[in-house]
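This report concerns only the one structure given below.
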Amino acid sequence: MPEINGSELIDLAGLRKSLAADDPEGRLASLEMLGVKISDDAHLQLASAVSDALSYAGKPARAKIVILADKSSIMRRGERLSELVHKQLQEQHDVRSVVLDDGHTTLHADESVLDMATIATNDADLVVTIGSGTMTDVGKVATHRRNNIPHIVVQTAASVDGFTDNVSVVLRNGVKRTIPSRWPTIVLADIVTIGEAPSELNTSGFGEAISLFTAPADWYLANLVGLDHTFHVASMNLLKYAAAEPPTWSNGIAEGGAVATQQLTRLLALRGIVSGVSNTTACLSGVEHVISHMLDLHHSANHAPIGLHGAQVGVASLVASRLWRHAIDTDLIDPRSLRKPDMDVMQKRVDNAFHDLGSDGAIAAECWRDCQKKLSLVFENWSRFESVVGSWQEHSVEFKKMVQPSATLRSALSASGGPATFAALKPSVSPEFARWATANCHLMRNRFNLVDLLDMMGLWTDDMIDWALKDVSAL
Ligand SMILES: [Zn+2]
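Counted the way the numbering used here counts, the sequence shown spans residues 363 to 837.
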């Protein structure tokens, strides 16, 4: 396996090699980044990154460069990062800086901003974006629309894993959607700048990161029972490799500690790469993600502010790992308890869970549409369910490689300085609300996960839900 922890560079060549070894048919997307540099002076590598990217794209050495940023003035040790960036390029190139401002406190990646960025990069040979996830996503879309001209990302927070993938999260009619865009050409992650980012961005990034230690098991399970066709053994091998070591390095993330920030940035970069080559987020989105989506759904139906995605995912990962390790380490899964779900009963449960959200029943109807699709696939694949549950102990050996114990993840999350309970999230989530989100999380979407299986075995009881939430409900 390639080196991930030891050097300043993510070993992209090594990653390509190990992915290719497990992908003889070439089903994975190719990893089209030239470099990912994570160090305490990565921002100073811009001039050489630009010249590498230009020569790779066959463009002249002197180029028209547009630097895109939002109006937040990001500082690095008291100096303005945008000036540090601009200064490195101004003698060699024709450089223009553009500030994207849509009037919101933080930039929204909606159609008007994407258009603004596309127009701003009209005559550019190369684009540099300075910023966190949204700015990067906007830059990826704009440069994709400009015939994939080289795009260099100066990463300023370790908030999401989208710096190193080939999709963008954008707003369509106010709803977040993930759309295909492109890989950035080169990512420069300066850990001093990242360490100075607002602490809730980086702790939220850590919350997102720890779903690495739960979600792959859901992906693997969905594939075993025949409900997921995005699964690829090459991606899984990489995820298992990354998840083999518990994240013991998180102390100091909230304070911007160098080691913790660097490790976090690396882990997020690797996550982005794996989901990018896999053409799916399913490999890193399981029980913990649907619980977070349930919180979002509830907040937005009640016109409440939406919480930080990664922070929610982090807390919900503790629930997911507790359930998973229970299913792995004990004889909880007894093949004799497996029962086919009843469509009418399930429809009533979906309605009960969601009819209070919104005024017109549209949310309950949409959830049922998704859930119904999943149930139809469950019926079609019933013999696989019987076989997987019948040989659960064998599969558990594999699952165990993918899931760290909840206590391990909880101490890592606490050490990071991020919220480790639902009550500590912003906005705060009451025990009743957390219980609703967890109890009904499998009724919302068409992806299959462990909670679906527990429910089909009569194990998704009030007692089990309370047990799963024991350490995360209170303050
Ligand atoms: Zn996520």
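The beta-carbon is built from N, C-alpha and C at its ideal position, and this holds for glycine as well.
- Within the same chain, Cβ atoms closer than 7 Å to the Cβ of Arg507 are found at Thr480, the five residues on either side in sequence being excluded.
- Distance from the CA of Leu550 to the CA of Leu737, rounded to the nearest whole angstrom, comes to 44 Å.
- Taking non-hydrogen atoms of ligand 1 into account, the C-beta of His655 is found less than 7 Å away from none of them.
- Beta-bridge pairing by DSSP links Ile429 to Ser459, Val490.
- Take the alpha-carbon of Lys762 and the one of Arg439: they are about 43 Å apart.
- Per the coordinates, the alpha-carbon of Leu657 lies some 12 Å from the alpha-carbon of Leu719.
- In this structure, the C-beta of Ser679 stays at least 7 Å away from each heavy atom of ligand 1.
- Rounded to whole angstroms, the Cβ separation of Ile556 and Thr518 is 6 Å, and the two are in contact under 8 Å.
- By the Cβ rule, the region 742 to 761 does not count as touching the region 540 to 548, because fewer than three pairs are nearer than 8 Å.
- At a Cβ-Cβ threshold of 8 Å, Ser543 and Lys502 count as neighbours.
- In terms of Cβ geometry, Val639 and Leu381 form a close pair [threshold 8 Å].
- Taking one beta carbon from each stretch, the region 727 to 734 and the region 806 to 817 have 3 or more pairs nearer than 8 Å; the two touch.
- About 7 Å separates the beta carbon of Ala673 from that of Thr565, a gap short enough to meet the 8 Å contact definition.
- When DSSP states are grouped into helix, strand and coil, Ala715 belongs to the helix group.
- The beta carbons of Val460 and Ile492 sit about 11 Å from each other, so the pair does not count as a contact at 8 Å.
- For Pro542, the enclosing beta strand (DSSP E) stretches over residues 537 to 542.
- For Trp611, same chain residues with a beta-carbon under 7 Å away, outside a window of 5 residues either side, are Val621, Ala622, Gln625 in chain order.
- For Asp580, the secondary structure class from DSSP, reduced to helix, strand or coil, is helix.
- When Asn641, Asp373, Ser417, Leu406 are compared, the shortest CA-CA separation from Ile553 is found for Leu406.
- Judged by the Cβ position, Glu570 qualifies as a neighbour of ligand 1 at the 7 Å threshold, a heavy atom of the ligand being closer than this.
- The way I'd put it, the region 629 to 639 doesn't touch the region 412 to 422; fewer than three beta-carbon pairs between them come closer than 8 Å.
- Taking 8 Å as the cut-off, the Cβ atoms of Ile725 and Val681 do not count as close.
- The beta-carbon separation of Ala471 and Thr505, rounded to 14 Å, does not stay under the 8 Å limit for a contact.
- Secondary structure of Ser530 (DSSP, three-state): strand.
- For the 8 Å CB-CB criterion, Thr627 and Ala520 form a contact.
- Ser647 has its Cβ nearer than 7 Å to a heavy atom of ligand 1.
- The region 619 to 677 contains, as complete alpha helix (DSSP H) runs of 4+ residues, the segments 620 to 640, 649 to 663 (chain order).
- Take Ser721, set aside five residues on each side of it, and no residue of its chain has a beta-carbon closer than 7 Å to its own.
- If you check the CB distance, Ala799 and Leu685 do not come in under 8 Å.
- Here the alpha carbon of Gly376 sits roughly 13 Å from the alpha carbon of Leu396.
- According to the DSSP secondary-structure assignment, Val515 is paired through a beta bridge with Thr491, Val549.
- Take the alpha-carbon of Thr783 and the one of Glu387: they are about 44 Å apart.
- With 16 or more other Cβ atoms from the protein chains shown falling within 10 Å of its own Cβ, Ala411 counts as buried.
- Assigned with DSSP and collapsed to three states, Leu451 falls in helix.
- In the DSSP assignment, the residues bridged to Val398 are Val549.
- By alpha-carbon distance to Cys803, the top candidate from Ser835, Thr823, Phe593, His651 is His651.
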